[in-house]
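A quick write-up on the structure given underneath.
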Amino acid sequence: MGANNLVYKSDRALELLRIGSGLADATFREGQENAIRHIVEGRGRLLVVQKTGWGKSFVYFIAIKLLREQGNGPALLISPLLALMRNQIEAAERTGVRAATINSDNVEDWTAVEAKLVRGEIDILLISPERLANEHFRTQVLASIAAQISLLVIDEAHCISDWGHDFRPHYRLLERIVRTLPHNLRLLATTATANNRVMDDLAVVLGPKLEVSRGDLNRTSLSLQTIRLPSQAERLAWLAEQLASLQGHGIIYTLTVRDANQVANWLKGRGFNVEAYTGETGDRREELEQALLNNQVKALVATTALGMGYDKPDLAFVIHYQMPGSVVAYYQQVGRAGRALDSAYGVLLSGEEESDITDWFIRSAFPTRQEVAEVLATLEDEANGLSVPALLGRINLSKGRIEKTIALLSLEASAPIAKQGSKWQLTAATLSEGFWARAERLTALRRDEHQQMQDYVSLPFGEHMAFLIGALDGDPSVATRPALPPLPTTVNEGLVRDAIAFLRRSSLPIEPRRKWPVGGMPKYGVSSSSNITHQAQSGKALCVWGDAGWGGLVRRGKYQDHKFADELVAACAKMFHEWNPQPKPTWVTCVPSLRHPQLVPSFAQRLATALGLPFHAVIDKTDARPEQKTMENSTQQARNIDGSLALNDLPVPHEPVLLVDDMVDSRWTLTVSAWLLRKGGSGVVWPVALSQAGHDE
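The opening position of the sequence shown corresponds to residue 9 in this note's numbering, with each subsequent residue numbered one higher.
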């Protein structure tokens with residue numbers, strides 16, 4: 009694991025800093041050189057808590073370079089995000105450190121990276137914490153280099169702490185690994201966001217004798233401001249107006265993928281060069297990160313997928329479209345701005361939907377006792393274990409809920425389940441009450457953090473930095489006044505009207521299902537998950553349930569007025585004309601309901617009249633089933649529809665048809681309806697729905 013008491017070479021360390029930074033006159037920041045010296049000389053385990061932009065990565069890259077130059081083995085760096093890894097590899101190479109990564113995005117490179125490791129051609133290997141759960145990695149890769157590792161670096165170490173805002177369950181695997189390491193192994197943990205609770209937790213996990221190097225939290229360059237604008241239309245208008253005059257380039261954070269796409273589309277439509285960056289961006293992530301680094305886009309509209317460690321020192325603004333769930337998360341994100349500038353804006357826009365979104369995140373963070381009981385009972389009935397798809401067929405829980413339950417249970421110190429191949433099986437262990445105590449404690453903590461953010465939003469201009477520092481257990485008295493004047497808090501009414509119009513014309517695609525579920529649809533005589541032979545075409549939904557634009561009016565029509573407004577008929581007719589599907593429908597039908605027998609037929613008839621087409625109610629609901637929204641995954645939703653719809657005795661016209669429903673979620677109702685219509689002799693089927701389900705449905 010590398011000898012201790014090596015010589016620290018101060019001149020060489022400074023030379024490496026200047027090479028890595030590209031600045032011939034660079035000098036170490038307060039605490040940087042001491043941290044490097046501490047690591048190289050093997051003085052024990054170290055936690056560095058320093059604000060974003062201080063230069064934590066220089067500490068470990070220079071330290072590993074000095075260790076390698078004295079004949080020591082490679083370093084292992086645990087890092088939570090792919091975007092962060094890409095930044096770190098570039099930064100390492102600038103310092104002359106040979107870096108490589110093994111992650112889910114570069115499977116084709118794994119063999120080559122493993123071979124280089126064995127040959128000693130890699131100085132630092134970057135992996136995600138999830139990689140530690142991978143048996144091949146642990147037994148084939150890690151085992152082969154474990155004896156040579158000279159330094160273990162845990163970046164964004166607050167992810168270890170389940171007190172933290174960004175707890176990553178797989179980071180807890182480090183606790184077990186750290187326990188097995190030689191006590192003299194060099195270990196460096198770094199984070200920008202650790203309050204006292206998190207630091208105490210890290211001391212327990214990473215100890216013994218964890219030394220802490222902690223800097224002050226004040227950011228003199230950041231001018232912080234909060235603006236309460238309840239409606240999405242007001243915030244879109246504000247963004248369009250302010251982005252035109254804001255200098256430089258930045259990030260606009262949203263809480264959901266859907267909001268990131270919507271805000272980006274709105275701003276593009278106003279002539280701004282922006283792009284959405286989310287967990288669904290896929291192959292374009294690296295290209296978009298680079299575009300912002302090179303100032304080729306005005307801003308990225310991002311979820312937390314563009315979070316920890318993304319390094320653009322001259323970001324001029326970070327704007328939040330909604331309030332994040334905690335002060336720690338907010339400080340982490342807003343801290344991206346103004347790292348190498350004298351002044352930058354950190355503006356938090358607060359809206360009415362954010363509390364619902366945050367509440368949903370809090371409620372869904374842990375499985376319920378009922379969910380855990382269902383998963384364990386189902387596995388108990390199957391001695392050979394079950395895969396996740398098989399569990400979906402047996403339990404009425406969403407795929408996400410099942411995967412989260414399995415992940416958390418399998419990461420317990422005495423795990424009640426374990427994976428064999430693709431299947432999960434019960435172990436001899438039972439789940440401790442400590443699991444539930446932790447879930448309750450953290451849920452209460454998340455609610456407290458949410459309240460703290462609401463307090464932050466209501467602060468007057470000039471008091472925000474002191475509040476953040478205090479909330480992170482720093483000294484609020486070091487906070488300085490904002491360097492920049494506040495941005496306007498009012499919005500242009502004309503722009504608000506334009507934003508409402510934009511929200512009301514953002515229709516969404518309904519993609520047809522192409523395969524039957526696992527196990528088929530027995531009541532329709534479909535015996536396996538074969539291809540669906542009689543498919544619908546791609547359809548359109550007017551809005552998202554309950555969202556800005558038309559969503560609120562759809563919700564009111566369904567649950568208050570028990571009739572959909574004529575405005576929605578006109579909006580759907582307009583959407584249809586702009587869409588102009590070919591071959592054009594010559595008649596209209598709808599999905600029936602026993603629970604609300606007149607709601608959808610009334611709407612479909614009025615839409616048919618507006619389009620000048622005949623309406624024929626040719627599909628019947630043959631028996632009552634639970635509402636689809638009570639079915640939590642696709643397999644359960646399919647089974648819930650199986651055999652419940654049928655063509656009645658009315659003739660089915662042979663021409664193309666518009667198939668109308670009020671809400672689309674799993675798409676199984678529309679899939680079966682279209683299948684019946686096509687089998688019954690209709691032409692192509694064009695589905696139309698008033699709304700797609702939102703997360704509260």
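We treat Cβ as the ideally placed atom computed from N, Cα and C, and that holds for glycine.
This structure is a prediction, so every number in the text was calculated from the model and none was measured.
Could you have a look at N539 and say whether DSSP puts it in helix, strand or coil? As a first step, residue 539 is located in the sequence shown; it is residue number 531 there, counting from the start. Note: N539 maps to strand in three-state DSSP.
Distance cutoff 8 angstroms, beta carbons only. Does L684 sit that close to anything in chain B? Note that chain B does not occur in the displayed structure, where there is just one protein chain.
Output the residue ranges of the alpha helix (DSSP H) runs that lie fully inside the stretch 211-276 and measure 4 residues or longer, sorted by chain position. 240-251
Rounded to whole angstroms, what's the CA-CA distance from M529 to Q645? Just pull it up for me. Here the question's residue 529 lines up with position 521 in the sequence shown. Here the question's residue 645 lines up with position 637 in the sequence shown. If you take the alpha carbons of M529 and Q645, they lie about 11 angstroms apart.
Going by the DSSP bridge assignment, what does R194 pair with across the sheet? What you label residue 194 is simply residue 186 of the sequence shown in a count that begins at 1. DSSP, once it has assigned bridges, lists L159 as partnering R194.
Return the first residue and the last residue of the beta strand (DSSP E) that T109 is part of. Mapped onto the sequence shown, residue 109 falls at position 101. Taken as a continuous stretch (DSSP letters only), the beta strand (DSSP E) holding T109 covers A107 to I110.
Inter-residue Cα distance where the pair is L492 and S231: Position 484 of the sequence shown, counted from the start, is the residue given in the question as residue 492. Position 223 of the sequence shown, counted from the start, is the residue given in the question as residue 231. Using only the alpha carbons, I get a separation of about 6 angstroms.
Please look up how many angstroms separate the CB atoms of W694 and P593, rounded, as I've assumed it's under 8 angstroms. Taking the sequence shown and counting its residues from 1, one reaches residue 694 at position 686. Taking the sequence shown and counting its residues from 1, one reaches residue 593 at position 585. About 6 angstroms; that satisfies the 8 angstroms criterion.
Continuous alpha helix (DSSP H) assignments of at least 4 residues falling wholly in the stretch 11-93: 18-29, 40-48 and 64-77
Rounded to a whole number of angstroms, what is the C-alpha to C-alpha distance between T679 and L615? What you label residue 679 is simply residue 671 of the sequence shown in a count that begins at 1. What you label residue 615 is simply residue 607 of the sequence shown in a count that begins at 1. Near 21 angstroms, if we compare the C-alpha coordinates of L615 and T679.
Buried versus exposed call for G333 [16 or more other C-beta atoms within 10 Å across all chains shown]: Sequence index remark: in the sequence shown, residue 333 carries index 325 (1-based). With 16 or more other Cβ atoms within 10 Å, it is buried.
Please give the ranges of any alpha helix (DSSP H) in the stretch 602-667, keeping only runs that are unbroken, at least 4 residues long and fully inside the region. 607-619 and 642-649
Which first and last residues belong to the alpha helix (DSSP H) in which T594 is found? Taking the sequence shown and counting its residues from 1, the one referred to as residue 594 is at position 586. Unbroken run through T594: none, as it is neither H nor E.
For N392, is the classification buried or exposed, using 16 other Cβ atoms within 10 angstroms of its Cβ as the cut-off for buried? Locating residue 392 in the sequence shown gives position 384, counting from the first residue. So N392 ends up on the exposed side.
C-alpha gap between G689 and A307, whole angstroms: Looking up residue 689 in the sequence shown gives position 681. Looking up residue 307 in the sequence shown gives position 299. Their backbone Cα atoms lie some 51 angstroms apart in a straight line.
Short Cβ contact (8 angstroms threshold) for D670 with V608: Working through the sequence shown from its first residue, we reach residue 670 at position 662. Working through the sequence shown from its first residue, we reach residue 608 at position 600. Contact: yes.
Answer yes or no: the CB of P589 versus the heavy atoms of the ligand ATP, is any distance below 7 angstroms? Among the ligands in the structure shown, none appear at all, so the ligand ATP cannot be discussed.
Buried or exposed for A436, going by 16 or more other Cβ atoms inside 10 Å? If you number the sequence shown from 1, residue 436 lands on position 428. Classification for A436: exposed.
For L602, count neighbouring Cβ atoms within 10 angstroms of its own Cβ and tell me buried if that reaches 16, exposed if not. The residue labelled residue 602 in the question sits at position 594 within the sequence shown. L602 comes out exposed.
By the DSSP assignment, the alpha helix (DSSP H) with A579 in it spans what residues? Along the sequence shown, read from residue 1 onward, the residue named residue 579 stands at position 571. A579 -> alpha helix (DSSP H) spans D574 to W587.
Express the C-alpha separation of L193 and I185 in angstroms, rounding to a whole number. Stepping through the sequence shown from its first residue, residue 185 is reached at position 177. Stepping through the sequence shown from its first residue, residue 193 is reached at position 185. Cα to Cα, the separation comes out at about 12 angstroms.
Please say whether V282 and V305 have beta carbons closer to each other than 8 angstroms? Taking the first residue of the sequence shown as position 1, residue 305 is located at position 297. Taking the first residue of the sequence shown as position 1, residue 282 is located at position 274. In contact: V305 and V282 (Cβ atoms closer than 8 angstroms).
If you check the beta carbons only, do W587 and Q700 fall under 8 angstroms apart? Position 579 of the sequence shown holds residue 587. Position 692 of the sequence shown holds residue 700. Cβ atoms of W587 and Q700: not closer than 8 angstroms.
Less than 8 angstroms between the beta carbons of F36 and L25, yes or no? Working through the sequence shown from its first residue, we reach residue 36 at position 28. Working through the sequence shown from its first residue, we reach residue 25 at position 17. Contact: yes.
Are the beta-carbon atoms of L102 and G39 separated by less than 8 angstroms? For the purposes of this step, residue 102 is taken as the residue at position 94 of the sequence shown. For the purposes of this step, residue 39 is taken as the residue at position 31 of the sequence shown. For the record, residue 102 in the displayed sequence is Arg; it is not Leu. Not a contact, by the Cβ cut-off of 8 angstroms.
Check whether G346 and K59 have beta carbons under 8 angstroms apart: Translated into positions along the sequence shown, residue 346 becomes position 338. Translated into positions along the sequence shown, residue 59 becomes position 51. No, they are not a contact pair.
Please state whether DSSP places L356 in a helix, a strand or coil. Working through the sequence shown from its first residue, we reach residue 356 at position 348. If DSSP states are grouped into helix, strand and coil, L356 belongs with the strands.
Return the chain-ordered list of same chain residues with a C-beta closer than 7 angstroms to the C-beta of A452, the five sequence neighbours on each side being excluded. Walking along the sequence shown from the start, residue 452 turns up at place 444. Same-chain partners within the cutoff: there are none.
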